[in-house]
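Presented below is the structure to which this report refers.
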Amino acid sequence: MYTLKKSLGQHFLKDEGISQRIVEALKARPFGRLLEVGPGGGALTKYLLQLPDVDFKAVELDEEKAVYLENTYPAIRGKLIRGSILDIPAPWEGPFTVVGNFPYNISSQILFRVLDWKDQTETVVGMFQKEVAQRVAAKEGSKTYGILSVLVQAFFQVEYLFEVGEQAFTPPPKVKSAVIRLTPRAQIPAFRSEEHLRRLVKTAFNQRRKMLRNAVKGLFPPDVLADPLFDKRAEQLSVEDFAALTKRMS
Numbered sequence: 218m219y220t221l222k223k224s225l226g227q228h229f230l231k232d233e234g235i236s237q238r239i240v241e242a243l244k245a246r247p248f249g250r251l252l253e254v255g256p257g258g259g260a261l262t263k264y265l266l267q268l269p270d271v272d273f274k275a276v277e278l279d280e281e282k283a284v285y286l287e288n289t290y291p292a293i294r295g296k297l298i299r300g301s302i303l304d305i306p307a308p309w310e311g312p313f314t315v316v317g318n319f320p321y322n323i324s325s326q327i328l329f330r331v332l333d334w335k336d337q338t339e340t341v342v343g344m345f346q347k348e349v350a351q352r353v354a355a356k357e358g359s360k361t362y363g364i365l366s367v368l369v370q371a372f373f374q375v376e377y378l379f380e381v382g383e384q385a386f387t388p389p390p391k392v393k394s395a396v397i398r399l400t401p402r403a404q405i406p407a408f409r410s411e412e413h414l415r416r417l418v419k420t421a422f423n424q425r426r427k428m429l430r431n432a433v434k435g436l437f438p439p440d441v442l443a444d445p446l447f448d449k450r451a452e453q454l455s456v457e458d459f460a461a462l463t464k465r466m467s
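Numbers in the numbering used here are just positions in the sequence shown, counted from 1, shifted up by 217.
And the structure:
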């Protein structure tokens, strides 16, 4: 068997029904290549390995789990990448889909990694801490709307699929979980550059209680800051608003 490591944010899925629902959520869009992040004890992996005509790979940081997976599911041998998703290059040159019960301690970083790979990513179906899933899916005007919401939604359509209780995991986490699906937007809002978008969004939300004019005054010329749009707070601006503003930055 194996031991669970809190340092790696390990809460392994044990509910077979949830695993099957995640696989069904994947099937909404066709794919030929599939990367599982953090397969752990293999609760989801065993179903993914059964998918026909799919080039499957999994990335696992914990060597103990990697050995367990290879012994328990021989079909995974040769398909397992030992390492962290945060450090490895994209596992294929072409498009691929990402799935996983993501380690909660790096779930936001995994989303930024997906953004690094956005030109290749066809779909993401992932289990997140409920609070993180809500932030990713939040719309403007919501208290949970923030940096992750805007940067992910600039490139992906986000669907909040279903919630998962604590008892579906070993050990039970102290928080609820939720599964979301990301699919590339048909039309990405026009912006000056990705670097400008990230800088604007992070600056605006780092002082989210302030009027936008005061929060981002160092990024725009004075005449632009006179626009009534800057009377709002960051959480009141849509993804499209942020994208349009990047074109007016200094």
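Every residue, glycine too, gets a C-beta built ideally from N, C-alpha and C. Quantities reported herein were computed from a predicted structural model and do not represent experimental measurements.
- The C-alpha of F273 lies about 37 Å from the C-alpha of L417.
- With respect to the 8 Å criterion, W309 and R250 are classified as neighbours on the basis of their beta carbons.
- A distance below 8 Å separates the beta carbons of A275 and I293.
- The three-state reading of DSSP puts I327 in helix, counting H, G and I together.
- Around G259, the same chain offers L286, T289, Y290 as residues with beta carbons nearer than 7 Å, after the five sequence neighbours per side are excluded.
- Taking C-beta atoms as the reference points, I298 and V396 fail to come closer than 8 Å.
- Nearest to P312 by alpha-carbon distance, out of E281, K231, L252, is L252.
- For G255, there is no enclosing beta strand (DSSP E), as DSSP marks it with neither H nor E.
- By the criterion of at least three beta-carbon pairs nearer than 8 Å, the segment 375-382 is not in contact with the segment 434-443.
- Runs of alpha helix (DSSP H) with 4 or more residues, each lying fully within the segment 350-425, are found at 364-370, 411-423, listed in chain order.
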